[in-house]
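Asks:
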DNA sequence: CTGAAAGCGCTTACAG
DNA sequence: CTGAAAGCGCTTACAG
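Protein chains in written order, with the working numbering: chain A, 16 to 343; chain B, 16 to 343.
As structure tokens, then:
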């Protein structure tokens with residue numbers, strides 16, 4: 016079943032069918048209607064891959080995510096996907112679990128599939144060079160969430176330094192002087208967030224104390240472990256800002272286990288404002304960077320780049336907003 | 016840059032290049048090496064779409080998910096994707112947000128893209144007929160999580176009735192007679208889980224009480240609302256089984272707000288055993304259906320169907336296991 | 001406004 | 001074991 020069959024049914028040439036299918040206005044309405052009628056009666060299905068091959072275009076976008084288990088990335092992905100589908104694209108999705116080998120593999124696959132563009136949340140340890148590599152393939156790229164060196168590439172992320180500074184400030188304003196920083200693994204995002212933490216401390220004239228900063232994977236388990244360490248080592252600390260909401264959820268669990276009530280006994284701040292933060296136990300005070308919108312912006316940036324490859328470097332940085340709930 | 020360039024570089028015909036690229040053993044090792052060398056020096060990239068078009072095959076699988084915001088589905092997706100990628104496929108992902116129109120649209124797109132198979136978690140309200148429709152397209156289909164009528168189609172899900180019965184039994188064995196059922200929206204899964212709830216009650220000689228069953232969206236917000244309703248209307252009820260873990264997390268939040276401690280003051284059971292359940296506040300007692308493995312099984316079923324279209328109907332039903340933590 | 005012709009980058013019988 | 005030829009289902013100048 017091809018356009019040839021449709022052409023025969025509608026008594027036109029296959030060029031005419033093709034033009035109608037593309038919504039061209041070169042064809043008389045009457046003829047176009049006849050073609051569409053034929054499409055319907057035959058149950059013809061457009062073969063987009065053949066069309067893409069011939070026209071050297073593509074309607075698929077590759078998106079590579081490294082941690083879907085984290086609701087933050089799930090929300091980013093949903094926002095991104097929605098926007099892309101609405102623009103007539105379909106997403107080739109791959110999950111790396113922070114595995115660089117896997118990331119290279121799926122990137123190659125997306126290249127073989129002739130993706131029109133790639134939205135990448137790079138796995139930890141990704142070389143900054145990757146942005147140049149993808150560019151050399153001729154595939155538009157938008158990097159998400161984690162910066163990849165200081166080169167020139169399209170990016171959608173958040174102002175991490177400012178955000179964590181706001182969270183830390185808030186704790187300081189409520190009288191806390193000894194404030195923990197929990198979770199996060201080495202990488203650009205941790206560096207930026209830690210910088211915000213230190214900046215807030217500096218501004219308040221509080222000395223930075225290494226033992227208050229406990230690093231771990233940005234997961235619930237990581238948050239749980241870091242909070243337990245903090246409680247064991249420094250039982251007098253009564254406040255902490257977390258690397259992310261997910262880390263904060265784990266910390267909440269550890270707090271609960273110790274019979275400590277977040278909010279009244281201990282002030283805890285998250286980061287991201289994932290949907291779950293509104294209904295955690297207790298509801299989490301956090302820094303809102305609108306994960307879904309971040310994904311939508313990434314999509315817009317990529318789409319713009321595809322349309323006009325010579326655009327100057329695009330950059331979206333979510334402005335953090337403090338959201339105060341019960342935990343801190 | 017095509018196989019013609021590679022052929023020229025390696026001094027062979029393009030047929031030979033094609034054969035080497037496909038790993039055929041028809042080509043002498045020496046020649047094959049020369050071709051691979053040419054591929055490397057030229058930086059040639061295989062055009063899989065052209066190959067797929069010509070050979071009428073496809074290495075993409077469509078997967079449609081309706082609620083990625085729910086960690087259960089995220090875990091299913093990750094398991095599914097991992098298995099598919101390892102088998103040499105790449106996934107075309109779409110998110111429906113329970114929107115039937117959107118679901119129809121992405122299904123059509125996947126058809127136009129010539130997906131080799133489709134893994135579908137149907138949106139609520141999907142007509143049972145859909146399995147036949149997709150079959151009529153000639154595309155292998157595996158339905159996930161939610162059954163779609165009683166027809167003959169490949170399916171991967173869990174034994175919901177048995178699972179909820181186990182959770183309810185557990186509560187009954189601990190002396191509870193008035194047990195709430197919280198959350199869940201009308202659909203096959205809710206019916207099955209409710210059936211397990213009633214079966215456990217029946218077996219224990221406890222009358223079913225309509226006012227203890229409170230329905231709502233299967234989200235944290237839904238769980239929060241249903242628990243608040245339960246607490247307001249029936250303050251003497253001290254136990255509940257939830258439609259899902261996510262609902263239970265919301266319920267935990269409402270419990271906390273009322274100063275009620277899950278575990279000692281109120282027994283709460285979840286369903287799914289998502290990763291988060293281990294580190295909620297308090298850690299959630301739940302029914303484990305291994306979401307990730309469910310996704311892997313869905314992949315295996317689909318892959319088997321693609322390999323052998325005439326296989327008899329395949330069905331995977333996760334056997335639920337009780338996981339007792341702090342909440343109940 | 002519509003048709004005949006060439007071609008996108010591959011694969012696959014078919015010869016040799 | 002390797003090459004010449006046809007063709008997958010489309011699009012796109014080019015005529016008319």
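C-beta: ideal position from N, C-alpha, C; glycine also.
Against residue 105 of chain B, what residues of chain A qualify as contacts under a CB-to-CB distance less than 8 Å, listed in chain order?
Replies: 107, 109, 121, 124, 125, 128
Asks: How long is the line joining the alpha carbons of residue 256 of chain A and residue 194 of chain A, rounded to whole angstroms?
Replies: Taking the straight line joining both Cα atoms gives about 7 Å.
Asks: May I ask you to report which of helix, strand or coil DSSP gives residue 110 of chain A?
Replies: Residue 110 of chain A falls in the strand class under three-state DSSP.
Asks: Within 8 Å of any Cβ in chain B, is that where the Cβ of residue 84 of chain A sits?
Replies: yes
Asks: Indicate whether the contact test is met: 3 or more Cβ pairs, each with one atom in the segment 17-35 of chain B and one in the segment 319-334 of chain A, closer than 8 Å.
Replies: no
Asks: Let me make sure I understand the geometry here. Which of B:236, B:209, B:150 has the alpha-carbon closest to that of residue 224 of chain B?
Replies: Selected option, being the one with the closest Cα: B:209.
Asks: Given residue 84 of chain A, which residues of its chain have a CB within under 8 Å of its CB, disregarding the five upstream and five downstream residues?
Replies: 234
Asks: May I ask which residues mark the beginning and end of the beta strand (DSSP E) holding residue 169 of chain A?
Replies: 169-173
Asks: Span of the alpha helix (DSSP H) holding residue 130 of chain A?
Replies: Residue 130 of chain A -> no alpha helix (DSSP H), and no H or E assigned at all.
Asks: Looking only at its chain, what residues have a beta carbon closer than 6 Å to the beta carbon of residue 338 of chain B, apart from the 5 residues adjacent to it on each side?
Replies: Hits under 6 Å: 288, 301, 303.
Asks: Can you find at least 3 beta carbon pairs, one from the segment 153-166 of chain B and one from the segment 200-219 of chain B, that sit closer than 8 Å?
Replies: These segments touch.
Asks: Would you say residue 306 of chain B faces chain A, with C-beta separation under 8 Å as the test?
Replies: no
Asks: In chain B, which residues lie with their C-beta within 7 Å of the C-beta of residue 377 of chain A?
Replies: Because chain A is modelled from 16 through 343, residue 377 of chain A falls outside the range shown and cannot be assessed.
Asks: In the structure shown, what three-state DSSP assignment does residue 158 of chain A receive?
Replies: strand
Asks: Report yes if the CB atom of residue 431 of chain B is closer than 8 Å to the CB atom of residue 239 of chain B, and no otherwise.
Replies: Any answer about residue 431 of chain B is impossible in this case: the structure gives chain B only from 16 up to 343.
Asks: For the segment 110-122 of chain B against the segment 175-186 of chain B, do three or more pairs of beta-carbon atoms, one drawn from each stretch, fall closer than 8 Å, so that the two count as touching?
Replies: no
Asks: From what residue to what residue does the alpha helix (DSSP H) around residue 280 of chain B run?
Replies: First-last for residue 280 of chain B: undefined, no H or E at that position.
Asks: In the DSSP assignment, the beta strand (DSSP E) including residue 165 of chain B goes from what residue to what residue?
Replies: First-last for residue 165 of chain B: undefined, no H or E at that position.
Asks: Label residue 69 of chain A either buried or exposed according to how many other C-beta atoms from any shown protein chain fall within 10 Å of its C-beta, with 16 as the threshold for buried.
Replies: Only exposed fits residue 69 of chain A, as fewer than 16 other CB atoms lie within 10 angstroms of its CB.
Asks: For residue 243 of chain A, I'd like the list of residues in its chain whose CB is within less than 6 Å of its CB, leaving aside the five on either flank, ordered along the chain.
Replies: 269
Asks: Please go through the same chain and pick out, in chain order, the residues whose beta-carbon is closer than 6 Å to the beta-carbon of residue 342 of chain A, but skip the five residues on each side of it.
Replies: Excluding sequence neighbours, residue 342 of chain A sits near 277, 278, 283, 297, 299, 300.
Asks: Evaluate contact between the segment 64-78 of chain B and the segment 94-105 of chain B, counting only Cβ atoms and requiring at least three cross-stretch pairs below 8 Å.
Replies: yes
Asks: Do you know whose CA, among B:252, B:272, B:285, lies nearest residue 259 of chain B's CA?
Replies: Taking each of B:252, B:272, B:285 in turn and checking the Cα distance to residue 259 of chain B, the smallest one comes out for B:285.
Asks: Using a Cβ-Cβ distance cut-off of 8 Å, determine whether residue 315 of chain B contacts chain A.
Replies: no
Asks: Is there contact here, the segment 244-253 of chain B with the segment 211-222 of chain B, by at least three beta-carbon pairs under 8 Å?
Replies: no
Asks: Examine chain A for any beta-carbon lying closer than 8 Å to the beta-carbon of residue 235 of chain B, and answer yes or no.
Replies: yes
Asks: Between the segment 33-62 of chain B and chain A, which residues of the former have CB atoms less than 8 Å from a CB of the latter, in chain order?
Replies: Cβ contacts with chain A: 60, 61, 62.
Asks: Can you name the start and end residues of the alpha helix (DSSP H) that residue 232 of chain A belongs to?
Replies: Note, residue 232 of chain A: premise wrong, no alpha helix (DSSP H); not H, not E.
Asks: Could you give the uninterrupted runs of the beta strand (DSSP E) lying entirely in the segment 300-337 of chain B, keeping only those of 3 residues or more?
Replies: 301-303, 330-333
Asks: Residue 224 of chain A by DSSP, collapsed to three states: which one?
Replies: coil
Asks: Hey, how far is the Cα of residue 290 of chain B from the Cα of residue 295 of chain A?
Replies: Their Cα atoms are separated by approximately 15 Å.
Asks: Counting only Cβ pairs nearer than 8 Å, list the residues of chain B close to residue 281 of chain A.
Replies: The contacting residues do not exist; residue 281 of chain A stays about 12 Å from chain B at best.
Asks: Going by other Cβ atoms of all chains shown within 10 Å of its Cβ, with 16 needed for buried, is residue 144 of chain A buried or exposed?
Replies: exposed
Asks: Given a cut-off of 8 Å, decide if residue 109 of chain A and residue 121 of chain A are closer than it, judged by their beta-carbon atoms.
Replies: yes
Asks: Use the C-beta contact count for residue 323 of chain B: other C-beta atoms within 10 angstroms, 16 or more gives buried, fewer gives exposed.
Replies: exposed
Asks: When the distance is taken between beta carbons, is residue 94 of chain A closer than 8 Å to residue 308 of chain A?
Replies: yes
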